[in-house]
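Protein chains in written order, with the working numbering: chain Z, -11 to 338; chain B, 39 to 405; chain X, 27 to 366.
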């Protein structure tokens, strides 16, 4: 087993790093900062209170002003480090502020009041994580509803996609009926028809079907993915025909063959399609934007978009919502990273 | 054309040493073959000469100049790869011309050289084809042509014939030998096939486990193998090795075979300087064993035939000796024996080899 | 398996079994009627039905919308106007100057989209190629870095836009760095040129990883001994790249180029959230024009939007056909099929 140093210096056949290796590592490091940096900044910022977010230039970690409970006061008072008239610095709590004059008291001896110019006091900071951002969005903004809408659409659409695509792939790979090749060609040709060029007529169709402002209006148009059919068909072609023939000899109906033999054997390809489908449906924006106009039907993506107009001054909520929206994909990514990257590479090189 | 010298060349991959101090001198114009079982390091050694692997320790000299730190592109060598490594997107002409283009050769000169190489290798009709459209043998010739065209100082061949079928292999073998005779460039050839080595080489380097076992001409290796490994590697069918005990007797060695109950009549003319035990191994090639009695001094053995293969022009007898050892006999012509027969065979002393039964299995020197 | 887990697995399993049984009977009946080979139609029917209703039917209806006027959604209430919508779109004194056009926003969107597509795809392929070349080397943590560049591809466009909007705010972290370095803050999204730049940048950031993987797969398919042979043939690293890597990677580059262009021409989601098409119409692209015309303005101009969709569809068709042609020519060139 080669030592760590050997591993680190295992480069272009020579036992030293040459300048191209240094350049490569530098590039990758830059890439790392550029790719992850903004996301981390978003996450960090989402844990800051509104006041902390208003600070400019911003601090890296969430900081907030310490507050302290004082006898005789209902709410905790903000703590400042103030310079008194005699020049001493003391930590005092602010009772009220009128104009440029701040009235401060010693938390331990609240009877004595000090009047200090606001320029002579600075907030006492401590590391404060504003978890409230995350809880308040559910209370104040029906965020739970949006979350539910996104989850519902994603899960249901994925299940239906898997079912319909698997059925079609099964037909196209294991059956020989007249017109089969034409059907396959038709399905593949829809790859060339992106939804953006049929927005208006689709709107009519969905409207006539009574699916406007319904989550199903987002689900149904999206489930017949040609990529999915292609992917599954490729995989099913490798399932030996003998298995199906044996099952037929065992008096299994075709439907049963599909359920009990084909689907289980196609599990790896189904998993890949499931991941794709989750990604596509969770991230859908334009079509839901058109179909769903009532806010209670909004998905997370639509909610984020709507709020960034209204809530430009309430970034602390918007950031928290954004973080929640990107969490599921991030989890999927970290667990299945290797499969995703190799799967994409393999299917991309058609 | 150039000479090549390796001085105590060592190759390490991490903590593992794969080449343990190889010394070698190749003369200008020689055809040297590196041969050995898989994993013996012959390809690694070749790649170090080419510059595709670095040398961990030791010196690599071409024409007296140390080239350890010179990149492969600048060593002026040419290599024929096992997989041919032809550029799939270029025509045969472009494949041949590529090396010259890299040297910024003028177009007219490239044309002349490519045409000459193509003619030499009978590729002139195929110049506009792409590798995908050629047969295995044709691709092989393009790979060789690509090497010739640049007029390298040394030719390197990395098991070039392994991917061809048997008949093509024989044909290409003689083509490569003919090529060497025609252009006379130094050639270093790697193979695991000892027949290729024997038929093509001026000298053979036998490698095992990253070490040189023996360097010599084909007949040197055949007649005077330095140890048991070389003796068993060269020659087909493999040399027979029989257990025996030996004691010094006069100027020679008194050898008693395990499978023959009595001592040999005369002492064998071998020197035995050292020897912890009296155990040795006696080697004799199947083609040197005589059926029945032999006029000259020999060892007599009784054998039971297990199986006979009669090929018409020659016969192979696979026998079992008393004591359980096996003996293969290669006899010219046809034999009257069949399976189950018990025969007497003679092992002529002049054709025997004796090896130490210790670790190095060194051959004893014949007086 | 603990009893809790067994129940968890059993529950969906029983539902599945129930569904299976419910559907089994009618499917068996179908099978008896149609026979085994033709039951394939039953399996492919749901998918075809969805495609028919939501893709093929709309394509046909789109033409109808494009050639009719009025504000009604229902086709029978729309008067036939022939090429009127297209004429309106193409009503320009000087095609190179959008302000002389009847529908100047349409033309601005066209030019913006063209400029965006060319710049974004060109730069993105370049970065993807460089990254793929770097990732193809023998470096520590290759799998990790592959994931690093790919991560933004998974994020939703809305999230991507918000991430960068937060960075590019007037009081965002980018301006903070600038101020720390002594310069003054810039209104990144309120300046037309910068907004356009950032649309390109963010789009590259979000999609580069996908194309990097495709190119990386292409690079890894090139046999290593070709490079060794080229080294023996005296080729410098640059020549090896130019004469071996690039030609052998060309099919992948073409695929990546056309896929990228097809996507770039349809850019909408992240730009819409990042800049809303502004400032003014500096970052308004063609899909946003369609969306706005058909759905976002007070009066939904379905006919115009459908006509614009036709223009977009035509350009996509051209791109797809170009890709087919280029791939076929490149493939033929590689195998010499053209030469007898």
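Here a beta-carbon is modelled for each residue, glycine too, at the ideal position from N, C-alpha and C.
Problem set entry | 3-residue-minimum beta strand (DSSP E) runs that sit fully inside the stretch 199 to 254 of chain B, ordered along the chain | Within the stretch 199 to 254 of chain B, the complete beta strand (DSSP E) runs of at least 3 residues are 224 to 229, 241 to 246, 249 to 254.
Problem set entry | Cutoff 8 Å: residue 45(Z) Cβ touching any chain X Cβ | Answer yes: the Cβ-Cβ gap between residue 45(Z) and chain X drops below 8 Å somewhere.
Exercise. Can you find at least 3 beta carbon pairs, one from the stretch 243 to 259 of chain Z and one from the stretch 172 to 191 of chain Z, that sit closer than 8 Å?
Worked result: Result no; under three Cβ-Cβ pairs closer than 8 Å.
Problem set entry | Identity of the residue in 289(B), 278(B), 105(B) nearest residue 307(B) by Cα | Taking residue 307(B) as reference, the option from 289(B), 278(B), 105(B) with the minimal CA-CA separation is 289(B).
Exercise. Beta-carbon of residue 267(X) versus every beta-carbon of chain Z: anything under 8 Å?
Worked result: No, residue 267(X) lies away from the interface with chain Z (no Cβ there is under 8 Å from its Cβ).
For this session: Mind listing the chain B neighbours of residue 217(X)? Cutoff is C-beta to C-beta under 9 Å, in chain order.
Result: The contacting residues do not exist; residue 217(X) stays about 46 Å from chain B at best.
Problem set entry | Contact list for the stretch 170 to 201 of chain Z against chain X, Cβ threshold 7 Å | Listed in chain order, the positions of the stretch 170 to 201 of chain Z with a beta carbon within less than 7 Å of a beta carbon of chain X are 171, 175, 178, 180, 181, 182, 184, 185, 186, 187, 188, 189, 190, 192, 193, 195.
Exercise. Taking DSSP as the reference, what is the three-state secondary structure of residue 80(X)?
Worked result: In the structure shown, residue 80(X) falls within a helical segment according to DSSP collapsed to helix, strand and coil.
Exercise. If you compare alpha carbons, which of 19(Z), 30(Z), 199(Z), 254(Z) is closest to residue 173(X)?
Worked result: Considering only alpha carbons, the answer is 19(Z).
Exercise. Should the stretch 232 to 239 of chain B be regarded as contacting the stretch 203 to 220 of chain B, the criterion being three or more beta carbon pairs within less than 8 Å?
Worked result: With the cut-off at 8 Å, the stretch 232 to 239 of chain B and the stretch 203 to 220 of chain B touch.
Exercise. Measuring CB to CB, does residue 26(Z) end up less than 8 Å from residue 193(X)?
Worked result: It is a contact, given that the beta carbons lie within the stated cut-off.
Exercise. Does any CB atom of chain X fall closer than 8 Å to the CB of residue 302(Z)?
Worked result: Proximity of residue 302(Z) to chain X, defined by a Cβ-Cβ separation below 8 Å, is not satisfied.
Problem set entry | Cβ-Cβ distance between residue 318(B) and residue 394(B) below 8 Å | Going by C-beta atoms, residue 318(B) is nearer than 8 Å to residue 394(B).
Exercise. Residues of chain B with a CB under 7 Å from the CB of residue 252(X): which are they?
Worked result: Near residue 252(X) (Cβ distances below 7 Å), the residues of chain B are 123, 125.
Exercise. If you pair each beta-carbon of the stretch 156 to 165 of chain B with each one of the stretch 70 to 87 of chain B, do three or more pairs fall below 8 Å?
Worked result: Segment contact: the stretch 156 to 165 of chain B against the stretch 70 to 87 of chain B, fewer than three CB-CB distances shorter than 8 Å; contact not assigned.
For this session: Please name the residues in the stretch 43 to 67 of chain X whose beta-carbon is closer than 7 Å to at least one beta-carbon of chain Z, in chain order.
Result: Cβ contacts with chain Z come from 46, 49, 50, 53, 54, 57, 62, 63, 64, 65, 66, 67.
Problem set entry | Span separating the alpha-carbon of residue 164(X) from that of residue 9(Z) | In this structure, the straight-line span from the alpha carbon of residue 164(X) to that of residue 9(Z) is close to 9 Å.
Exercise. Between the stretch 388 to 405 of chain B and chain X, which residues of the former have CB atoms less than 9 Å from a CB of the latter, in chain order?
Worked result: Result list empty, no residue passes.
For this session: Examine chain B for any beta-carbon lying closer than 8 Å to the beta-carbon of residue 279(X), and answer yes or no.
Result: With 8 Å as the cut-off, residue 279(X) does not count as an interface residue toward chain B.
Problem set entry | Beta carbon of residue 191(Z) nearer than 8 Å to that of residue 278(Z) | The answer is yes: Cβ separation under 8 Å.
Problem set entry | Alpha-carbon to alpha-carbon, residue 115(X) and residue 202(X) | Taking the CA atoms as reference points, residue 202(X) sits about 44 Å from residue 115(X).
Exercise. Terminal residues of the continuous alpha helix (DSSP H) containing residue 138(Z)?
Worked result: Unbroken alpha helix (DSSP H) run through residue 138(Z): 131 to 162.
Exercise. Who are the Cβ neighbours of residue 297(B) in its own chain at under 7 Å, not counting the five residues just before and after it?
Worked result: Around residue 297(B): 280, 339, 359, 360, 361, 363.
Exercise. What number of angstroms, rounded off, separates the C-alpha of residue 253(X) from the C-alpha of residue 119(B)?
Worked result: Taking the straight line from one Cα to the other gives about 12 Å.
Exercise. Does the beta carbon of residue 117(B) sit closer than 8 Å to a beta carbon anywhere in chain X?
Worked result: By this cut-off, residue 117(B) is an interface position.
Problem set entry | Boundaries of the beta strand (DSSP E) in which residue 195(Z) is found, first to last residue | Unbroken run through residue 195(Z) is the alpha helix (DSSP H), 187 to 196; no beta strand (DSSP E).
Exercise. Secondary structure at residue 314(X), three-state DSSP: helix, strand or coil?
Worked result: For residue 314(X), the three-state secondary structure derived from DSSP is helix.
For this session: Kindly say whether residue 274(X), judged by its beta-carbon, lies nearer than 8 Å to any beta-carbon of chain B.
Result: Judged by the 8 Å Cβ criterion, residue 274(X) is in contact with chain B.
For this session: Check the Cβ of residue 140(B) against every Cβ in chain X and list those closer than 7 Å, keeping chain order.
Result: Here the neighbours are 259, 260, 261, 265.
Exercise. In terms of alpha-carbon separation, which member of 353(X), 128(X), 341(X), 330(X) lies closest to residue 109(X)?
Worked result: Nearest of 353(X), 128(X), 341(X), 330(X) to residue 109(X), Cα basis: 330(X).
Exercise. Comparing the CB of residue 66(Z) with every heavy atom of the ligand GTP, is any distance shorter than 7 Å?
Worked result: With respect to the ligand GTP, the structure offers nothing, as it holds no ligand at all.
Exercise. Is residue 315(Z) close to chain X, meaning its C-beta is less than 8 Å from at least one C-beta of that chain?
Worked result: With 8 Å as the cut-off, residue 315(Z) does not count as an interface residue toward chain X.
For this session: Would you tell me roughly how many angstroms separate the C-alpha atoms of residue 118(Z) and residue 32(Z), rounded to the nearest one?
Result: Going by C-alpha positions, residue 118(Z) is about 10 Å away from residue 32(Z).
For this session: Please list the residues of the stretch 291 to 303 of chain X that have a C-beta atom closer than 8 Å to any C-beta atom in chain Z, keeping them in chain order.
Result: Those would be 292, 294, 295, 298, 299, in chain order.
Exercise. Does any residue of chain X bring its CB to less than 8 Å from the CB of residue 90(B)?
Worked result: Closer than 8 Å: yes.
Exercise. Among all the DSSP beta bridges, which residues are the ones paired with residue 94(X)?
Worked result: Per DSSP, 106(X).
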